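Asker: One structure, as structure tokens, below. Some questions next.
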Amino acid sequence: MMPHDWLHMVIILMMVAFLLFGLFFLTVGAYGLVKLPDFYNRMHAASKCMTLGITGLLIAAAIGLSMNPDADPLHVVTKAGLVIIFLYIASPVGAHLITKAAHLDGAAKHANTLHDDLAEDQAKDR
Amino acid sequence: MIPSLLILADAADPAARPWFMHLADWTLTLGLVLVFLGMGFCLYRLVRGPHVADRAMAVDTLGLHLIALVVLLSLKLETLMFFDGILVLSLVGFAGAVAMAQYIGRPHLARTQSADSKQENA
């Protein structure tokens, strides 16, 4: 056993924990894409779970790749942080754009839908 | 000095690797399996999707799964080579989502805009 083995162990276990966190949300989101009944529910699963899942994987990569002796930890962490910040801005915007377009195009709603506020507002304006 | 992933991975004797390295390896393999499973789900939605927007969303999600795949592979292969690709993939995925939203919503945009301007003129 090396003298600083415990530190190595803690870092690897942190990496594994973030990896499992990310993979859980990624898999749940992808399963929701198949299982949920209508487009709006599926978009809900896809956008939220995917953002959180990729975040977990990127944090795990930032931890794991920083231990590589060839890598500059600042370099790796900056790149991962940049992708996370961009994803947190771009993913909701893209999901909103596609959902709005689908609503304009009249994507089918599930029979148990309670409210459609956008359609009600549009009917009121007309 | 922290012993690195790379040095431990190159150790000739597999029994000399500590248990948490094996755990990390198994987690990465499990991750690859789960990401491929998720890509299969996305492809199912891409083929089956009743609406065009379902397919657009499936392609968008497939792009995010591709990012996850690159992250897992760069952890597995211990290289930083692919890490720039993640940023490019996320940018291209967002541009694709915007383009597909334009494609789906554009024909209806003229209708709603004309209704709005009529109301303003009235």
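Sequences listed follow chains E and R, in order.
Note that our numbering numbers the first sequence so that position 82 is 82, with each residue one more than the last.
Note that our numbering numbers the second sequence so that position 115 is 115, with each residue one more than the last.
Backbone N, C-alpha and C fix where the C-beta goes; we use that ideal spot for every residue, glycine too.
Here the structure is a predicted model, which means the values were calculated and not measured.
Taking the C-alpha atoms as reference points, what is the distance between R/Glu78 and R/Val98?
Answerer: 34 Å
Asker: Considering just the uninterrupted stretch of the alpha helix (DSSP H) at E/Thr113, what are its terminal residues?
Answerer: Taken as a continuous stretch (DSSP letters only), E/Thr113 belongs to no alpha helix (DSSP H), as it is neither H nor E.
Asker: Taking the alpha-carbon of R/Phe20 as reference, which of E/Ala107, E/Thr55 and E/Gly64 has the nearest alpha-carbon?
Answerer: E/Gly64
Asker: For the alpha helix (DSSP H) containing E/Glu120, name the first residue and the last one.
Answerer: Residues Asp117 to Asp125.
Asker: Would you say E/Ala108 faces chain R, with C-beta separation under 9 Å as the test?
Answerer: yes
Asker: According to the Cβ coordinates, are R/Arg45 and E/Leu33 closer than 9 Å?
Answerer: yes
Asker: Return the residues of the stretch 44-70 of chain R that lie within a Cβ-Cβ distance of less than 8 Å from chain E, sorted by chain order.
Answerer: Tyr44, Arg45, Pro50, His51, Val52, Ala53, Asp54, Ala56, Met57, Ala58, Asp60, Thr61, Leu64, His65, Ile67 and Ala68
Asker: Are the Cβ atoms of R/Phe94 and E/Ala90 separated by less than 9 Å?
Answerer: yes
Asker: List, in order along the chain, the chain E residues whose C-beta lies closer than 7 Å to that of R/Val98?
Answerer: Gly94 and Leu97
Asker: Rounded to whole angstroms, how far is the Cβ of R/Leu23 from the Cβ of E/Val16, which I believe are closer than 8 Å?
Answerer: 6 Å
Asker: Identify, in the order they occur along the chain, each residue of the same chain with its Cβ nearer than 6 Å to the Cβ of E/Met50, setting aside the five sequence neighbours on each side.
Answerer: Gly29
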